[in-house]
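Down below is the structure, laid out as C-alpha cells.
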Amino acid sequence: ICYLPEGSPEPGWAAPAVGGFSSVSVGPNGLRVICPEISVPRQGLPFDAHVNDDSWHALRIHPGGAAREDSIDLVLRPMKRARIPTVIAAAGGFDHVLVQGESVTKAVMGLREAGCEVIMASLMGSNSLGN
C-alpha cells in the first residue's frame, strides 16, 4: 500500500501483474495504490510519498449468496470481531480483503465461517485455498 501526494498522476508501475491485483484510489489527500510490493519503485517516488512496509496479503473472496450491498458487511463482521486490521477493495466481481500477514489464517477462518468463498491471492498472483 503506497500513498502518493495530491496531484500525482496514476503510476504506470501500479498495473496488475498477470493474474494479480492492483487498485488506485483517489482521495482528498492524493492517491492510494495497492499493488505487488515488487512493483513499487524504491527510487523516483515524490519526496512526500509514503510506502507502507507492513506485510499485507490480499484475500480474494466471493461472498456466496449475499447481495452485493450486503457483502461488505458480511466481510467486515468477522474481521471486526477478531480485531483484524482490514482494507477492502473491489474489482472484477470479487472483493479483495487485505490483511496483515500474522492475521491471514484467522481472517480466512472467519470469512469461511461467515459463508464466503476465500481464494488466497498474494499481491503477486493467486493460489486457491479451496473451501
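Numbered according to this note's numbering, the sequence shown spans residues 945 to 1075. Quick reminder that beta carbons are idealized off the backbone N, C-alpha and C, glycines included.
Bridge partner(s) assigned by DSSP for residue i
i	result
Glu-954	Looking at the DSSP assignment, Glu-954 forms no beta bridge with any residue, so it has no partner.
Ala-1033	His-1040
Ser-967	Ile-978
Cys-946	Val-977, Val-995
Nearest-angstrom beta carbon gap, residue j and residue i [assumed within contact, 8 Å]
i	j	result
Ile-1028	Ser-1047	4 Å
For residue j and residue i, the rounded distance between their alpha carbons
i	j	result
Glu-981	Ile-945	8 Å
Pro-949	Arg-1025	33 Å
Gly-988	Phe-965	23 Å
Gln-1044	Ala-1051	10 Å
Val-970	Arg-976	7 Å
Ser-967	Val-1041	12 Å
Thr-1049	Cys-1060	14 Å
Leu-1020	Pro-972	24 Å
Pro-960	Ile-1032	17 Å
Val-1017	Tyr-947	Checking the displayed sequence, the identity of residue 1017 turns out to be Asp instead of Val. Distance between the alpha carbons of Asp-1017 and Tyr-947: 26 Å.
Val-1062	Gly-974	31 Å
Asp-1039	Ser-1015	8 Å
Ser-983	Gly-956	10 Å
Glu-1057	Glu-954	37 Å
Pro-1022	Leu-1055	6 Å
Pair within 8 Å by beta-carbon distance, residue i and residue j
i	j	result
Pro-990	Ser-952	yes
Ala-1002	Cys-979	no
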